[in-house]
RNA sequence: CGGGGAGUGGCGCAGCUUGGUAGCGCGCGUCGUUUGGGACGAUGAGGUCGCAGGUUCGAAUCCUGUCUCCCCGACCA
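Numbering (the working numbering), first residue to last: 1 to 414.
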C-alpha cells in the first residue's frame with residue numbers, strides 16, 4: 001500500500017472525548033472512527049488488524065473441528081421468553097417493535113438461537129457431539145460504555161457452543177478448547193492468565209476467564225506469582241499477600257481485561273428449551289452444552305493497551321496481526337519504488353510512505369502505526385547500496401544490501 | 001439511572017464573568033525554499049458558536065428546556 005493513496009489520516013492530537021489508551025491511539029492513528037459512545041467503525045488499518053485476529057481464531061477453531069456458522073442478529077421475543085431472559089436481560093437488550101408491532105431484539109448473545117436450531121436438527125446420540133461457532137456483532141445496551149473498544153455497545157465476538165451426550169464428553173471438549181484458546185492468545189502475543197470465575201447458578205464448579213493483566217482492565221484478578229493459580233475477585237478466597245493455596249508462592253492482585261471465557265452451560269438452555277436427544281437405551285435426555293467466547297474487538301483494544309508506549313507515541317503490533325509488516329521510507333527518492341515493488345512481489349505487507357512530507361513526519365508515523373519493521377533509504381545508505389533495516393522492538397538498526405532485503409525478511413521469520 | 005464536568009471551522013483550544021454578529025495553533029489548497037525525527041515563507045479556503053425557545057435595539061456570551069460527549073457511582077463479554 002502507498003501511503004499517499006491510502007485512507008490513513010493520522011492526527012497529532014488525541015481526540016478530546018477519548019477515554020482510554022486504546023481509544024485515543026486507535027482514533028489518532030486512524031484505525032477506528034468513533035460513531036457514538038461505545039460504537040466504533042473499523043477503518044482500513046483497524047479492519048486489517050481485526051481480520052488478522054479473526055483469522056487466527058478461525059484457524060484454531062477449525063483445528064478443533066468446530067464448524068463455522070453465521071446466525072441472525074434480529075431475534076424474536078418468543079425465543080427469549082422460553083428461557084426467561086427477555087425479562088432478565090431487559091436492561092441491556094436492544095429491544096424494539098417493528099412496523100407490524102412484532103417485538104424483536106438485536107442479539108446480545110446466541111444461546112437461545114443456536115439451541116433452537118439444534119433442537120430442530122439433533123435427535124439422537126449418534127448426532128452428538130457438535131461444535132458450532134460464529135464470528136459476529138453483538139449488541140448490548142451497556143448502561144455506561146467506556147474504555148474505548150473494551151466495553152462497547154456493539155462489539156465483535158467469536159462464540160462457540162458445544163453439544164454433548166453427557167458431562168464427561170463436555171469436560172473433555174472443555175479442555176480441548178482451553179488449549180486452543182491458549183494457542184490463540186500465544187499467537188496474539190497476549191500473556192493471558194486462566195482465571196477461575198463463578199460458574200453461575202448451576203453447581204459450584206468454576207468457569208474460566210482468560211485475562212490479560214493491564215491497568216485499564218475492569219476486573220480484579222488475584223493470582224499466584226509463582227504458579228498458575230488465579231481467581232476472579234468475585235469468588236476469590238485469597239487476599240493480596242496471602243500464601244498461594246497451590247504452591248509456596250505469594251498472591252498478587254491486579255486489574256485484568258477479560259478477553260475470553262469458557263463456560264459449562266450443561267443443561268441450562270437445553271432443559272428450558274426442550275433440546276433433547278435419545279440415548280443408546282432409547283431414553284430421552286437433555287443435551288449437555290458448553291459456551292466459549294472471545295471478544296475480538298476487545299482483543300484489538302487490549303493489544304493497544306499492552307503494546308502502545310504513550311510517552312513515546314510508539315506502537316509495535318505483534319507480528320501476526322500487524323496491519324503491515326514493514327514501513328518503508330525513502331528519503332533520497334531514487335530507489336523507493338524498486339524496493340517497494342520487490343517487497344510487494346515477495347508477499348511482504350508493506351506501507352510505502354511516498355508522501356511529500358518531511359522526514360520527521362514519516363518517522364513519527366512509522367512509530368505510531370506500529371509495523372514491526374522499518375526500512376529507510378537515504379543518500380547515506382545508498383552510498384554503499386544499502387538500506388537501513390530496523391526491528392522496531394529493538395533500539396539498534398543495521399544496514400543491509402538492497403538486493404538482499406527480501407532474504408533478510410525470510411530469515412528473520414525463522 | 002443518581003452526582004459532577006463539557007459542547008465554538010476537520011482536530012486541539014481561547015473568547016462567555018463585565019452582550020456589540022468570532023480568534024489562535026494544527027490540519028487542508030496554491031506557489032517557492034526544504035528533507036535522518038512532527039521544516040519555513042507567502043497566499044487562500046473553511047465556522048454563526050450542539051439544538052429549540054426566551055430576554056434584549058442587539059446573544060457564542062444572560063435565562064429555560066432539550067440532545068450529545070466525558071468523569072465518579074450502580075451494572076457489565
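We put the beta carbon where it would ideally sit given N, CA and C, even for glycine.
Check, Outcome
"Closest Cα partner of residue 83 within the set 15, 370, 275", "275"
"Given 8 Å, three or more beta-carbon pairs between the segment 321-336 and the segment 268-286", "no"
"Beta bridge counterpart(s) of residue 137 as assigned by DSSP", "156"
"Assigned secondary structure, residue 269 (DSSP; H/G/I helix, E/B strand, else coil)", "helix"
"Beta-carbon spacing of residue 109, residue 138 below 9 Å", "yes"
"Endpoints, the beta strand (DSSP E) within which residue 220 is located", "219-224"
"C-alpha gap between residue 361 and residue 411, whole angstroms", "30 Å"
"Span of the beta strand (DSSP E), counted from its first residue to its last, around residue 44", "Segment 44-63 is the alpha helix (DSSP H) holding residue 44; no beta strand (DSSP E) there."
"Alpha helix (DSSP H) segment containing residue 374, residue limits", "Where residue 374 is concerned, there is no enclosing alpha helix (DSSP H), although the beta strand (DSSP E) it sits in stretches over 373-377."
"Rounded C-alpha distance that separates residue 436 from residue 68", "This structure does not reach residue 436, given that the chain is present from 1 up to 414, and the question cannot be answered."
"Environment of residue 35 [buried if 16+ CB atoms lie within 10 Å]", "exposed"
"Residue range of the beta strand (DSSP E) that includes residue 291", "288-295"
"Chain-order list of residues whose beta-carbon lies under 8 Å from that of residue 198 (same chain, five-residue window excluded)", "206, 207, 232, 234, 235"
"Cβ neighbour criterion (16 or more within 10 Å) applied to residue 372", "buried"
"Whole-angstrom distance between residue 311 and residue 272, CA atom to CA atom", "53 Å"
"Boundaries (first-last residue) of the alpha helix (DSSP H) holding residue 361", "359-369"
"Residue environment, residue 113, which counts as buried when at least 16 other CB atoms sit within 10 Å", "buried"
"Assigned secondary structure, residue 26 (DSSP; H/G/I helix, E/B strand, else coil)", "helix"
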